[in-house]
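Protein chains: 2
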Amino acid sequence: MSDDLTKNQTFDVPGGYTPLPWHRGFGRQVGPLYQLIGEDDLIVSRAFRVEEHHTNGMMNAHGGMLMTFADMAWGTAVETDDNTWWVTIRLVCDFLSGAKHGEWIEGAGEVISREPDGIHTVRGRIWCGDRTLMTGTGVFKVIEQRDPDKRKPSRGGR
Amino acid sequence: MSDDLTKNQTFDVPGGYTPLPWHRGFGRQVGPLYQLIGEDDLIVSRAFRVEEHHTNGMMNAHGGMLMTFADMAWGTAVETDDNTWWVTIRLVCDFLSGAKHGEWIEGAGEVISREPDGIHTVRGRIWCGDRTLMTGTGVFKVIEQRDPDKRKPSRGGR
Numbered sequence: 002m003s004d005d006l007t008k009n010q011t012f013d014v015p016g017g018y019t020p021l022p023w024h025r026g027f028g029r030q031v032g033p034l035y036q037l038i039g040e041d042d043l044i045v046s047r048a049f050r051v052e053e054h055h056t057n058g059m060m061n062a063h064g065g066m067l068m069t070f071a072d073m074a075w076g077t078a079v080e081t082d083d084n085t086w087w088v089t090i091r092l093v094c095d096f097l098s099g100a101k102h103g104e105w106i107e108g109a110g111e112v113i114s115r116e117p118d119g120i121h122t123v124r125g126r127i128w129c130g131d132r133t134l135m136t137g138t139g140v141f142k143v144i145e146q147r148d149p150d151k152r153k154p155s156r157g158g159r
Numbered sequence: 002m003s004d005d006l007t008k009n010q011t012f013d014v015p016g017g018y019t020p021l022p023w024h025r026g027f028g029r030q031v032g033p034l035y036q037l038i039g040e041d042d043l044i045v046s047r048a049f050r051v052e053e054h055h056t057n058g059m060m061n062a063h064g065g066m067l068m069t070f071a072d073m074a075w076g077t078a079v080e081t082d083d084n085t086w087w088v089t090i091r092l093v094c095d096f097l098s099g100a101k102h103g104e105w106i107e108g109a110g111e112v113i114s115r116e117p118d119g120i121h122t123v124r125g126r127i128w129c130g131d132r133t134l135m136t137g138t139g140v141f142k143v144i145e146q147r148d149p150d151k152r153k154p155s156r157g158g159r
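Residue numbers (this note's numbering), protein chains in the order written: chain A, 2 to 159; chain B, 2 to 159.
The structure is reproduced here in structure tokens:
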């Protein structure tokens, strides 16, 4: 038996995106996710392909998946280096359009306010080609890292 | 080899809750979820145990999972029978406290406004014992069912 995958079992990853190395927990469960890293080594945008395990009963991306992705794509806007840790305080998500099984979804956020206590407000968007799927606002708090052994792996791979 | 599970591989489901029968898509991916059905055959609350595949890097329930659960636990408040279909228009989630690996999480919503075009506003809460994890507001639209063959299975099993 061959392990080769057919064309139907694989898909092309649009230029510049690399897979996230999440290998456990919820990040793995909802993956695979991808990200585009800029010249400054910061994340420009994140993305995923709508697979069967992301869909609702209408074979569109589940709202829970879109919100999970919003958290992951918008929250990362507060990161100033590979090792910034943050938690979500509030997320407001407006659902504007759906995404079908097989579509390539991208998302990014922009910090619009930065308070001294680590509280950041981020304006975010999720899109599929020219179509906006979701807009919203996230409030994220950058936290101190507690355990040096739990440093994130370097992003690399760009 | 025995298929018997040890005590560590199983857990007790608090009284009255029954597993949701979701066997595909995102609902399966983030499961198992449970629900408590009332005398009127409507859902009183939903619940899940925080398992490894729900956790973030701090071994707490991932924010994406809590929002996904909020969508599933609050949106169901708009249902008037087994066969009500709805979509999420807006979800506002305020994160108040975290949930650790192994904890039993419950959530429910209450309709606070019902508009003629199917738009419902729901006030929701997610908790763990006496601790509130999240409060928020959902706007959900009840939609017409498109395909009679895709009727939901009866809830039963209560």
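Ideal placement from N, C-alpha and C gives every residue a C-beta, glycine not left out.
Computed from a prediction, not measured in an experiment: that's the story for all the values here.
> How big is the Cα-Cα spacing for Ala48/B and Met135/B?
Replying inline: Indexing the second sequence from 1 puts residue 48/B at position 47. Indexing the second sequence from 1 puts residue 135/B at position 134. The alpha-carbon atoms of Ala48/B and Met135/B are separated by roughly 14 Å.
>> Against chain A, does Asp41/B count as a neighbour if the rule is that its beta carbon must be under 8 Å from one of theirs?
In response: Locating residue 41/B in the second sequence gives position 40, counting from the first residue. For Asp41/B, the answer is no, since every Cβ of chain A falls outside 8 Å of its Cβ.
>> For the alpha helix (DSSP H) containing Asp13/A, name the first residue and the last one.
In response: As a first step, residue 13/A must be located in the first sequence, where it is residue number 12. It is not in any alpha helix (DSSP H) - Asp13/A carries neither H nor E in the DSSP assignment.
>> Which residues in chain B have a C-beta closer than 7 Å to the C-beta of Thr56/A? List them in chain order.
In response: Counting from one through the first sequence, the residue named residue 56/A turns up at place 55. Residues of chain B with a Cβ closer than 7 Å to the Cβ of Thr56/A are, in chain order, Gly26 and Phe27.
> Is DSSP giving Met59/B helix, strand or coil here?
Replying inline: Here residue 59/B corresponds to residue number 58 of the second sequence, with the count starting at 1. Reduced to three states, the DSSP call for Met59/B is coil.
> In chain A, what lies closer than 8 Å to Asp95/B by C-beta?
Replying inline: To locate residue 95/B, count along the second sequence from 1; it is residue 94. The contacting residues are Ile90 and Arg91.
> By the criterion of Cβ-Cβ separation under 8 Å, what are the contact partners of Gln30/B in chain A?
Replying inline: Taking the second sequence and counting its residues from 1, one reaches residue 30/B at position 29. In chain order: Gln30, Val31, His54 and His55.
>> Against Pro64/A, what residues of chain B qualify as contacts under a CB-to-CB distance less than 7 Å, listed in chain order?
In response: Numbered from its first residue, the first sequence carries residue 64/A at position 63. First, the amino acid is wrong: residue 64/A is Gly here, not Pro. In chain order: Asp72 and Thr89.
>> One question on the structure: do Val93/B and Thr138/B come within less than 8 Å of each other, judged by their Cβ atoms?
In response: One-based indexing of the second sequence puts residue 93/B at position 92. One-based indexing of the second sequence puts residue 138/B at position 137. In this structure, Thr138/B lies closer than 8 Å to Val93/B by Cβ.
> For Gly26/B, which residues of its own chain have a beta-carbon under 7 Å away from its beta-carbon, when the five flanking residues on both sides are left out?
Replying inline: The count along the second sequence starts at 1 and reaches residue 26/B at position 25. Around Gly26/B: no qualifying Cβ.
> Under a Cβ-count criterion, where at least 16 other Cβ atoms within 10 Å of its own Cβ denotes burial, should Ile113/B be classed as buried or exposed?
Replying inline: Looking up residue 113/B in the second sequence gives position 112. Under this definition Ile113/B is an exposed residue.
> Does DSSP classify His54/A as helix, strand or coil?
Replying inline: On the first sequence, residue 54/A is found 53 positions in, with the first residue counted as 1. Helix.
> Closer than 8 Å, CB to CB, is Thr69/B near chain A or not?
Replying inline: For the purposes of this step, residue 69/B is taken as the residue at position 68 of the second sequence. Yes - at least one Cβ of chain A is within 8 Å of the one on Thr69/B.
> The beta strand (DSSP E) spanning Leu92/A covers which residue range?
Replying inline: For the purposes of this step, residue 92/A is identified with residue 91 of the first sequence, where counting begins at 1. Trp86 to Phe96 is the extent of the beta strand (DSSP E) around Leu92/A.
> The beta strand (DSSP E) with Trp128/B in it runs from where to where?
Replying inline: Residue mapping note: residue 128/B aligns to position 127 of the second sequence, counting from 1. DSSP places Trp128/B inside the beta strand (DSSP E), whose first and last residues are Ile120 to Cys129.
>> Buried or exposed, going by whether 16 or more other CB atoms sit within 10 Å of the CB of Asp83/B?
In response: Reading the second sequence from its first residue, position 82 is the one you call residue 83/B. It is exposed - the Cβ of Asp83/B has fewer than 16 other Cβ atoms within 10 Å.
> With respect to the alpha helix (DSSP H) encompassing Thr69/A, which residues constitute its N-terminal and C-terminal limits?
Replying inline: Counting from 1 along the first sequence, the entry for residue 69/A is found at position 68. Where Thr69/A is concerned, the enclosing alpha helix (DSSP H) starts and stops at Gly64 to Gly76.
>> Can you look up Gly32/A in the DSSP assignment and give me helix, strand or coil?
In response: Walking along the first sequence from the start, residue 32/A turns up at place 31. The answer is coil: DSSP assigns Gly32/A none of H, G, I, E or B.
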